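K.L.:
In this note's numbering, the protein residues as written are 28 to 137.
One structure follows; several queries about it will come next.
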């Protein structure tokens, strides 16, 4: 598969995430869109690492694990920890305010 398909998919995922963050007011949806953007970047990192490994080694089928793929694994572990902390914050916000609307957070300043 050519790299342009991976780039197109990653750009579509990232743009969907940006639109979701900028237009939605629900904090759970915003959180999911941020994760979508993070996964789009991970997809590009793995695609470019496989392309670079194939050209560096001169092979047609790159099935080796490169350092970028290990880096993506650690990014996914950190993202899982981020999800647990973020969802805990959203649950506590809902318990205190009975809403997950981000515009409601301005009232918490007082």
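Using N, Cα and C, we set each Cβ at its ideal position, and we do this for glycine too.
Note that the coordinates shown come from a computational prediction; the quantities given were computed from them, not determined experimentally.
Check each candidate in 79, 104, 108, 118 and name the one with the smallest Cα separation from residue 95.
P.N.:
79
K.L.:
Could you check the C-alpha separation between residue 54 and residue 124 for me, to the nearest Å?
P.N.:
Separation of residue 54 and residue 124 (C-alpha to C-alpha, rounded to the nearest whole angstrom) is 13 Å.
K.L.:
In the DSSP assignment, find the alpha helix (DSSP H) that holds residue 123 and state where it starts and stops.
P.N.:
If you look at residue 123, you'll find it in the alpha helix (DSSP H) that goes 94 to 124.
K.L.:
Rounded to whole angstroms, what is the Cα-Cα separation between residue 128 and residue 121?
P.N.:
Taking the straight line joining both Cα atoms gives about 9 Å.
K.L.:
Are there 16 or more other CB atoms within 10 angstroms of the CB of residue 77, so buried, or fewer, so exposed?
P.N.:
buried
K.L.:
Residue 34 to residue 68, Cα distance in whole Å?
P.N.:
10 Å
K.L.:
When we look at the beta-carbon of residue 11 and count the other beta-carbons within 10 Å, is it buried (16 or more) or exposed?
P.N.:
Outside the shown range of the chain (28 to 137) lies residue 11, about which nothing can therefore be said.
K.L.:
Could you check which residue in 113, 115, 74, 29 has the C-alpha nearest to that of residue 98?
P.N.:
74
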